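Encoded as structure tokens, the structure appears first; notes follow it.
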Amino acid sequence: MALEQLSDVVQRCQAIRDDNYTTEDYDSFLIAGRTCIEEGDSAQVLSIVVDEENKNIVKYMGWNLLSPLVKILLKKEDTNFPHCLAILSHLLEMCSPKELLIGLLEQLEEAQSDAIAETILLLLQPLQKVLLRLGSRKSSSLGMALSTLMGQVAKLPVPQTKEQEEDDVFSLCRCCSALVTFIRPFVDEAKENRQAGFTNGARTPKEDELKVELLKFCMKSLCEPLLEVHLKDLETLEESPLRNFATEILGILLGIGETLPDLLCHGLLSKREVPGFLEEEVCYPKESLASLAYLLFVHHIAMDHFPTVFSPEFILQCNMEHINLFLSRTDESRLQKGLDLYEKSLVRVEDNSLPVQMLELKSFFSVPQNLVKVMTMCPVQHLRTKGLKVLQLSIDKYDTEAKYKFFQCMLRTCQHAGVEGYIIKNIKNQIVLALQPEKGNKWFLGGLLLPLLRQVLRLPQGPETDLLQNLDRVMESLNLLRFLLIRDKEWENQTGIWTELYKIEDNYMKPLRMGLNMSKAHYEAELSNTKEKSRKTNTNDSQTQESLCSLTVGNEKMPNMTPEMQLQVLHSALHTFDMIECVLARIEEIIEAKEKP
-13 MALEQLSDVV QRCQAIRDDN YTTEDYDSFL IAGRTCIEEG DSAQVLSIVV DEENKNIVKY
47 MGWNLLSPLV KILLKKEDTN FPHCLAILSH LLEMCSPKEL LIGLLEQLEE AQSDAIAETI
107 LLLLQPLQKV LLRLGSRKSS SLGMALSTLM GQVAKLPVPQ TKEQEEDDVF SLCRCCSALV
167 TFIRPFVDEA KENRQAGFTN GARTPKEDEL KVELLKFCMK SLCEPLLEVH LKDLETLEES
227 PLRNFATEIL GILLGIGETL PDLLCHGLLS KREVPGFLEE EVCYPKESLA SLAYLLFVHH
287 IAMDHFPTVF SPEFILQCNM EHINLFLSRT DESRLQKGLD LYEKSLVRVE DNSLPVQMLE
347 LKSFFSVPQN LVKVMTMCPV QHLRTKGLKV LQLSIDKYDT EAKYKFFQCM LRTCQHAGVE
407 GYIIKNIKNQ IVLALQPEKG NKWFLGGLLL PLLRQVLRLP QGPETDLLQN LDRVMESLNL
467 LRFLLIRDKE WENQTGIWTE LYKIEDNYMK PLRMGLNMSK AHYEAELSNT KEKSRKTNTN
527 DSQTQESLCS LTVGNEKMPN MTPEMQLQVL HSALHTFDMI ECVLARIEEI IEAKEKP
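Each residue of the sequence shown is one higher than the last, beginning at -13 in our numbering.
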């Protein structure tokens, strides 16, 4: 029945010239043709489509058959597949490329979630053929097609393991490889246009439009999927489709005239007037440029195209913007990439070489702050450990003055006792070096050291400071003070500690002694009360199950605990106070011994 209706429509339309078909003609052709294809009469539809007498009908109305054809082709039914494929190939030759483009993109956008990859793989070659038919007018159409394609590719899950990438369980690898094949003729054309521009000394707007669309595609690819991918090294996965895709993307950027240094330093260059940088015509997303830096310096992709004239210090300066972007995120993937990029950028820099002027750059302030957040708030243990390692590596690269200013900044802004304690330990190490013969420097000795010591030897809230919460800072401060009093002889006074000692006693040691006594008294009272409660509970409670109690430490209520657990916590706190008191008493003994005639 449908086949008869299709034949009737075709016979009626054969007498109509050009494209003077009515809406009824279009609807009748679409309904009859779709029904025939869905009912398995694709061989008969093929004979009608290729008939020379129906050339005009196919030219103007044939693209309406794309939807049923794609559905059958995705099913890959043996009987109808070759006929439907032949129909599609003929339509690609005969129909208007603009109408075909719209139809194909509609099929891509309407793809079911479980058929996205198969739809992309099926329609890439037809799309390529249609775009090539547009000739020099294809740039905007190519941009529209690439935008649709990348939007669908972004919906595919990214393989996380070596096995997932090898087996391509989500079909992302096949789609990325097919995209490279799809884009290649347009890249070749852009390269030819660029070469012709060099020869003729001028470029046309159409040529620039093509380059811009390819550049947008590369930037989108660097962001999705490549920013989400954890590339495997060659030892882990020798043949990696995703690594190959990343290599191709960077190759395309080079081929269309982009330079890696310009892209890497875009954050710096964009603040100046840079002729021909296409700033008005195309957006360079920050995440895409960060992904480029990561691929370049962590995985060394396209590194042989990066000039060696740039100093490691300049490269670090450029990368700091990208590192800061990574470390300002909270997901594990971004944090890992930020730490890796920071580490790779730092190892190339010579120790003690970064000047203090670097600290005047905004990113050199922001990155350490975000690094502290990773070290103290990230739930992933190996990232916290890596963060601490990278922090120390960054400290090692600063020269002496920069280290001094960096320590000052961190103590002023950090607000975390563990990190503050780590910074104080680094300060001690620098003083140890400064006290060595012929190693002295003005920043960690004498008058310049004293302001830094005042920052170290202080209690954040005076005698009311929570000594348990600030334990790391307090212990490192006391250890530093004890070291200075023992190592720096009073008659030498290289660090100025003996001149400053009376202030340290008044402003640090006495408040600390007072706070320590208050804390010990409070916890000893809590211990006594808890023991009494435990004794009464054991006397009155005949149940075998231990009762739960609550404990308030400072102003914070602790989780419910058994009396035995409470006693353990209180004993641990008192032991901590004894440890602080032991070091403080030793310092007092040293001072007292020095003060005796």
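We put the CB at the ideal spot given by N, CA and C, even for glycine. Nothing here was measured: the structure is a model prediction, and the numbers come from that model.
Where does Ala403 land, buried or exposed, given buried means 16+ other C-beta within 10 angstroms?
buried
C-alpha distance - Leu118 paired with Tyr280, whole-angstrom precision
34 angstroms
Residues in the same chain with beta-carbon distance under 6 angstroms from Ser28, minus the five sequence neighbours each way, listed in chain order, please.
Asn66, His69 and Cys70
Could you check how far apart the C-beta atoms of Arg160 and Ala232 are, in whole angstroms? I think they sit under 8 angstroms.
So it is not a contact: roughly 16 angstroms between Cβ atoms.
Can you tell me whether Tyr488 is buried or exposed, with buried defined as 16 or more other CB within 10 angstroms of its CB?
The residue in question, Tyr488, is exposed, as its Cβ has fewer than 16 Cβ neighbours within 10 Å.
With distances taken between CB atoms, is the gap from Arg180 to Gly243 smaller than 7 angstroms?
Contact: yes.
For Ser349, does the count of other Cβ atoms within 10 angstroms reach 16, so buried, or fall short, so exposed?
buried
With respect to the alpha helix (DSSP H) encompassing Gly137, which residues constitute its N-terminal and C-terminal limits?
Here the alpha helix (DSSP H) through Gly137 covers Ser125 to Val139.
Using 8 angstroms as the Cβ pair cut-off and three pairs as the minimum, do the region 383 to 398 and the region 335 to 343 touch?
yes
So what does DSSP say about Leu120, is it helix, strand or coil?
coil
Roughly how far, in whole angstroms, is the beta-carbon of Leu228 from the beta-carbon of Glu151, given that I think they are within contact range, below 8 angstroms?
With 8 angstroms as the limit, Leu228 and Glu151 qualify as a contact, their Cβ atoms being about 6 angstroms apart.
Measure the Cβ-Cβ separation of Leu200 and Thr134 and say whether it is below 7 angstroms.
no
Candidates Phe563, Leu220, Lys383 and Lys202, of which the one nearest Leu275 by Cα:
Lys202
Considering only C-alpha positions, which residue in the set Phe351, Glu63, Trp429 and Gly48 is nearest to Ser75?
Gly48
Roughly how many angstroms separate the alpha carbons of Leu(-8) and Gly89, rounded to a whole number?
21 angstroms
Return no unless some Cβ of chain D is closer than 7 angstroms to the Cβ of Val366.
The chain inventory of the structure shown lacks chain D, comprising one protein chain alone.
On the three-state DSSP scale, how would you describe Leu74?
In this structure, Leu74 counts as helix in the three-state DSSP scheme.
Excluding the 5 residues preceding and the 5 following Ser314 in the sequence, name in chain order all residues of the same chain whose CB lies nearer than 8 angstroms to its CB.
Ser352 and Asn356
If you reduce the DSSP assignment to three classes, tell me which class Tyr390 lands in.
helix
In this structure, does DSSP put Tyr280 in helix, strand or coil?
helix
Assuming contact is defined by CB atoms lying nearer than 7 angstroms, are Ile2 and Val35 in contact in what I supplied?
no
Taking the Cβ atom as the reference point for each residue, do Asn412 and Ile381 lie within a distance shorter than 7 angstroms?
Contact: yes.
Alpha carbon to alpha carbon, how far is Asp153 from Glu318?
24 angstroms
Which of the three DSSP states is assigned to Leu240 in this structure?
Helix at Leu240.
Measuring CB to CB, does Ser157 end up less than 7 angstroms from Leu212?
No; because the gap between Cβ atoms is not below 7 angstroms, this pair is not in contact.
Run the CB neighbour count on Glu478, radius 10 Å, all protein chains shown included, and call it buried at 16 or more, exposed below.
exposed
List the whole-angstrom C-beta distance separating Leu445 from Thr451, where the pair is believed to meet the contact cut-off of C-beta under 8 angstroms.
4 angstroms
Are three or more beta carbon pairs between the region 42 to 56 and the region 3 to 15 nearer than 8 angstroms?
The region 42 to 56, when compared against the region 3 to 15, does touch it at the 8 angstroms Cβ threshold.
Out of Ser297, Asp326, Thr294 and Phe296, point me to the one whose CA is closest to His584's CA.
Residue 584 falls outside the range modelled here, since the chain spans only -13 to 583, and no answer is possible.
Just to confirm, are Glu491 and Lys580 a CB contact at a threshold of 7 angstroms?
No. Outside cutoff.
Provide the residue span of the alpha helix (DSSP H) that contains Val460, from first to last.
Leu457 to Arg473
Just verifying my parser: in three-state terms, what is the DSSP assignment at Tyr270?
DSSP places Tyr270 in coil when its eight states are reduced to three.
Helix, strand or coil: which one does DSSP assign to Tyr494?
Note: Tyr494 maps to helix in three-state DSSP.
Excluding sequence positions up to five away, which residues of its chain have a Cβ less than 8 angstroms from the Cβ of Ile576?
Arg468, Leu471 and Ile472
Taking only the alpha-carbon atoms, compute the straight-line gap between Lys61 and Ile17 and give it to the nearest angstrom.
Going from the Cα of Lys61 to the Cα of Ile17 covers about 20 angstroms.
Measure the Cβ-Cβ separation of Val56 and Gln93 and say whether it is below 7 angstroms.
yes
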